[in-house]
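Counting from 136, one number per residue, gives the positions in the sequence shown under my numbering. Worksheet: the structure to be examined is printed underneath.
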Amino acid sequence: MDGEARIIRRSLDFVYDFAAWLSALCLVAILVVITAQVVARWMGIPFHGSNEYAGYFMAAASFLAFAHTLNRGAHIRVGLLLNALGGRRFWGELWSLAIASAASTYLAWYAVKMVYWSWRLNDVSQGQDVTPLWIAQTPMAVGAVILAILLIDNLVTLLVTGRDNIRDGLAEQSHAE
Numbered sequence: 136m137d138g139e140a141r142i143i144r145r146s147l148d149f150v151y152d153f154a155a156w157l158s159a160l161c162l163v164a165i166l167v168v169i170t171a172q173v174v175a176r177w178m179g180i181p182f183h184g185s186n187e188y189a190g191y192f193m194a195a196a197s198f199l200a201f202a203h204t205l206n207r208g209a210h211i212r213v214g215l216l217l218n219a220l221g222g223r224r225f226w227g228e229l230w231s232l233a234i235a236s237a238a239s240t241y242l243a244w245y246a247v248k249m250v251y252w253s254w255r256l257n258d259v260s261q262g263q264d265v266t267p268l269w270i271a272q273t274p275m276a277v278g279a280v281i282l283a284i285l286l287i288d289n290l291v292t293l294l295v296t297g298r299d300n301i302r303d304g305l306a307e308q309s310h311a312e
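So this is what it looks like as structure tokens:
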């Protein structure tokens, strides 16, 4: 791999890892919101919108973690089917990554479009918190875009090198034990 390709690979891996860190922060934020909600109930203080905020953080955590998790081989893949293809595994991987790239790009496009229209129309949540929805929707859209980039990255890498960047989670797990 030449110097420019290494810089691109490191940059993309940094984006995937950074999104995972943001996802972890969202999980901590869920803990903080739920703890604050419990304390507020004990003290008889209303905490409007706590359920909505926990839900926003859950969606953000999920979408921001998708790319990192897939790249680490932690998502459930159809490994048995791909292994059964034997010498035709490349074609199974190619078909899977092509379909996944198209679907994730479609999702990312409409997630970004949803954020834009929520911002443009000044759409707010229906709960008592009256949060502008574009704020709550943005992390989900960012995660969808990062997932689309990851899948396209893996598709291009598969076409160029004959192998994608997705680590074999089961093989890594068995080596760790």
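Just so it is clear, CB atoms sit at the ideal spot from N, CA and C, and this is done for glycine as well.
Following the DSSP letters along the chain, one finds residue 173 inside the alpha helix (DSSP H) bounded by residues 138-178.
Excluding its 5 nearest sequence neighbours in each direction, residue 232 has C-beta neighbours in its own chain below 8 Å: 286, 289, 290, 293 and 299, listed in chain order. DSSP lists no beta-bridge partner residue for residue 181.
Taking 9 Å as the cut-off, the beta carbon of residue 151 is found no closer than this to the beta carbon of residue 266. Selection 237, 222, 278 and 276 evaluated against residue 297 yields 222 as nearest (Cα-Cα). The Cβ atoms of residue 200 and residue 238 lie no closer than 9 Å to each other. Scanning its chain for C-beta atoms nearer than 8 Å, with the 5 sequence neighbours on each side dropped, one finds around residue 218 the residues 224, in chain order.
Restricting attention to 183, 280, 234 and 263, the CA atom closest to the CA of residue 245 is found in 280.
Between residue 258 and residue 184 the beta-carbon gap is near 16 Å, outside 8 Å, which marks them as no contact. Take the alpha-carbon of residue 170 and the one of residue 189: they are about 11 Å apart. Scanning the region 205-252 for uninterrupted alpha helix (DSSP H) segments of 4 residues or longer gives 214-219, listed from N- to C-terminal end. For the options 250, 166, 284 and 303, the alpha carbon positioned closest to that of residue 146 is the one of 284. With a 10 Å radius around the Cβ and a threshold of 16 neighbouring Cβ atoms, residue 198 comes out buried. Pairing residue 235 with residue 276 gives a Cβ-Cβ distance that is not under 9 Å.
For residue 274, the uninterrupted alpha helix (DSSP H) run begins and ends at 268-296, by DSSP. Burial is judged here by how many other beta carbons sit within 10 angstroms of a residue's own beta carbon; residue 216 has fewer than 16 and is exposed.
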